[in-house]
Amino acid sequence: MPAIATDLPVVVVGAGPTGLAAAAQLHARGLPTIVLEAGDGPAANVRSWGHVRLFSSWDQLVDEAAAKLLAPTGWTAPDGAVFPTGAEWASSYLEPLAEALGVVRTNHRVTAISRQGLDVMTDAFRDAAPFVLYLETPDGPQRLLASAVIDASGTVATPNPLGADGLAVPGEVTHAQRITSGAPDIDDPAVRALHLGQHTAVVGAGHTAMNALLLLARLRAEDPTTTITWVIRRADAASTYGGGADDQLAQRGALGLATKRLVDSGAVTAVTGFRTVEVAGVDGGCCGGGAIALVAEDGRRVEAVDRIVTATGYRPDLSLTSELRVDLDPSTQAPRTLAPLIDPNVHSCGSVPPHGEAELAHPEHRFYIAGMKSYGRAPTFLALTGYEQVRSIVAMLAGDEAAAREVQLVLPETGVCGGSGITEADACEAPELATLPSGLPLTAAVGEGCCG
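Using the working numbering, the first residue of the sequence shown is number -9, and each one after it goes up by one.
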C-alpha cells in the first residue's frame, strides 16, 4: 500500500494551549507543521475570557516541550505558584510560543476536513491518501494537504443553549441581544453598564457560572440594586459547589466555597430544579428595552430579568469531520474509548486515568481530536491533560510507539465523591479559600459570611 508523502505537514487546527503544545512537540520531533487559527491572533479563545483567573497555577500551565523551545529566545518562565488570568496566560506564554514556533497562520478558519479524492464511504487506499482541509482565509477559500491532522480547536466558540433538552428554547433567538455566554468582563465599561444596577440571571452550575456570579457580586457590592439570580437545573445548589477544602486545586475549591457563601449571604438568589423552556418578553421586553422572564418546565418564572448569562457548558463543532471516519461516544461526543473515563454520569471523584494516543485514535488513520474538544460535552478539562495527550499523539506520528504508550497523567482530585464534599464547617474552617478570583475577600464583597 502506498504511504502518505512524508513531506506533507502535520496540520494542527487551533492555536490555543493544546494546539500550540502539539506544535511544540512536533517541532521537537522534527516534523513539518502548520497551525491554523480562526482568530486574529494565537490563543483567541483564551483571550475571549482573559479577565477570568485560572484555578491552575503556572507550574500546571506550561508544556515541557514548549518551555524548551522558548528558552533560547530569552523567555523566562513565570512564578510557578502564581495563578494567572487568561489574558496573562496568553500574553506571557501562548503568544510568545506562537511567535517562536513561526508556523501559526491566523484568520485561517477550517470549514471541512476530508481525504484527498475520497469521501467517507471510500475504502480503497484510504490510509495512504493525504488529508485535505478546506479553509476560509484573508485571501479567499483555499485547500491544504496534510499527512496528519490534530484537531485542537476547542469548544469555547460553541456554547450550549439554555434549554435542558440541548436545544435553543423559544425566545432565545428573539432575545439574543440580551443573552451572553461566559463570565462577563465587568472591567469593560460597556459590559459593566449592562449589569450594574440591573437584574442578571446566570444559568448553569459549573465553574463558568460560579465565576460569573463572583464577578457580578463585585458590582452588587458597589450598587446594592444589582440583582443576581442563579438558575440551576439540579434539585439543590449544594451539589454544584465542588470539593471545597478537599479539592487538590485550592483555587478550584475556593471557587465553590466562595459561591456557597454568596448564596448563604443572600447576595445571590439560587433557583433550583429550574429547567428553562422559554425566554418570554414582558413589559415591552421584545428586541429592546423592558424586562424579560425565564420560564421553567413546571411553570415557574424568574421575572424582571434584564440580562441572561448562559453558562450551560460547551459542545464540540462536529461539522468539520462529516467526511471523516470519526468514532465518537453518542452521549459525551468524545472519542469512544476515552468517553467511559470522563463521563460525568459515571465519575464523581474527578480523577481521570492516564490516557493518550490509544484512547484518542479514530478509524481515520492519523486523525486525532485533542484538548478540550476531545472531552466532547464533558466538563472540567485541565491543560495538563491536553499537554499529555499531544505528547503521546506526536510520539506515535513520529513512529515512537513506546513513548506513545508510556502515558503518565496524574491530575488533581476535585474532592467530590458522591456529593458536593462541602459542609458549613469546611467553609468556616478554610477561610483562606473563600476569596473572589480577583483576590478580593468574599466578605468584603457581600458582608458577613458564615464565619462572621
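Each residue gets a CB set at the ideal place from its N, CA and C atoms; glycine is no exception. Note that the structure is a prediction, hence the values are computed from the model and not measured.
Taking only three categories from DSSP, how would you classify residue i?
{"i": "Gly361", "result": "helix"}
{"i": "Gly409", "result": "Below a pLDDT of 50, predicted positions are generally treated as unreliable, and Gly409, at 31, falls in that range; no measurement from the model is reported."}
{"i": "Pro7", "result": "helix"}
{"i": "Gly130", "result": "strand"}
{"i": "Ala33", "result": "coil"}
{"i": "Val384", "result": "helix"}
{"i": "Glu268", "result": "strand"}
{"i": "Val253", "result": "helix"}
{"i": "Leu350", "result": "helix"}
{"i": "Pro(-1)", "result": "coil"}
{"i": "Pro325", "result": "strand"}
{"i": "Ser46", "result": "coil"}
{"i": "Ser171", "result": "strand"}
{"i": "Ile(-6)", "result": "coil"}
{"i": "Ala415", "result": "Residue placement at Ala415 is poorly supported in this model, since its pLDDT is 36, which falls under 50; the coordinates still yield a value, given next. Ala415 falls in the helix class under three-state DSSP."}
I'd like to check one pair, residue j with residue i: are the Cβ atoms closer than 7 angstroms?
{"i": "Leu152", "j": "Thr266", "result": "yes"}
{"i": "Thr63", "j": "Arg43", "result": "no"}
{"i": "His185", "j": "Val295", "result": "no"}
{"i": "Val221", "j": "Val261", "result": "yes"}
{"i": "Gly146", "j": "Thr302", "result": "Looking at the sequence provided, one finds Val at residue 146 rather than Gly. Cβ atoms of Val146 and Thr302: not closer than 7 angstroms."}
{"i": "Ala88", "j": "Pro32", "result": "yes"}
{"i": "Gly9", "j": "Val2", "result": "yes"}
{"i": "Leu205", "j": "Ala173", "result": "yes"}
{"i": "Ile332", "j": "Tyr377", "result": "no"}
{"i": "Gln132", "j": "Val122", "result": "no"}
{"i": "Ile282", "j": "Gly289", "result": "no"}
{"i": "Ile(-6)", "j": "Asp141", "result": "no"}
{"i": "Pro7", "j": "Gly196", "result": "no"}
{"i": "Ala136", "j": "Leu(-2)", "result": "yes"}
{"i": "Glu354", "j": "Arg315", "result": "yes"}
{"i": "His386", "j": "Ala392", "result": "First, the residue type needs correcting, since residue 386 is Met and not His in the sequence shown. In this structure, Ala392 does not lie closer than 7 angstroms to Met386 by Cβ."}
{"i": "Asp307", "j": "Thr148", "result": "yes"}
Would you please state the rounded distance, in angstroms, between the beta carbons of residue i and residue j? I believe it to be under 8 angstroms.
{"i": "Arg99", "j": "Val384", "result": "That pair is no contact at about 24 angstroms."}
{"i": "Arg297", "j": "Gln323", "result": "So it is not a contact: roughly 29 angstroms between Cβ atoms."}
{"i": "Arg291", "j": "Ala138", "result": "With 8 angstroms as the limit, Arg291 and Ala138 do not qualify as a contact, their Cβ atoms being about 52 angstroms apart."}
{"i": "Ala28", "j": "Val380", "result": "Their Cβ separation, rounded to whole angstroms, is 19 angstroms, which puts Ala28 and Val380 out of contact at 8 angstroms."}
{"i": "Val94", "j": "Ala34", "result": "About 11 angstroms; that fails the 8 angstroms criterion."}
{"i": "Thr219", "j": "Thr259", "result": "5 angstroms"}
{"i": "Ala67", "j": "Ala57", "result": "6 angstroms"}
{"i": "Ser143", "j": "Lys363", "result": "6 angstroms"}
Going straight from the alpha carbon of residue i to that of residue j, what length do you get?
{"i": "Arg37", "j": "Asp319", "result": "30 angstroms"}
{"i": "Asp317", "j": "Arg116", "result": "16 angstroms"}
{"i": "Asn335", "j": "Asp30", "result": "37 angstroms"}
{"i": "Pro325", "j": "Ile103", "result": "17 angstroms"}
{"i": "Gly346", "j": "Thr327", "result": "11 angstroms"}
{"i": "Leu245", "j": "Tyr124", "result": "41 angstroms"}
{"i": "Leu399", "j": "Asp53", "result": "13 angstroms"}
{"i": "Ala13", "j": "His41", "result": "26 angstroms"}
{"i": "Thr404", "j": "Val342", "result": "Because the pLDDT at Thr404 is just 47, under 50, the model does not fix this residue reliably, and the value given afterwards should be weighed accordingly. Spanning the two alpha carbons is a distance of roughly 11 angstroms."}
{"i": "Gly280", "j": "Glu78", "result": "38 angstroms"}
{"i": "Val285", "j": "Asp178", "result": "30 angstroms"}
{"i": "Val181", "j": "Asp213", "result": "15 angstroms"}
{"i": "Pro22", "j": "Leu51", "result": "25 angstroms"}
With 16 as the cutoff for other CB atoms within 10 Å, does residue i come out buried or exposed?
{"i": "Met111", "result": "exposed"}
{"i": "Arg224", "result": "exposed"}
{"i": "Phe371", "result": "buried"}
{"i": "Gln15", "result": "buried"}
{"i": "Thr101", "result": "exposed"}
{"i": "Gly361", "result": "buried"}
{"i": "Gly263", "result": "exposed"}
{"i": "Arg208", "result": "buried"}
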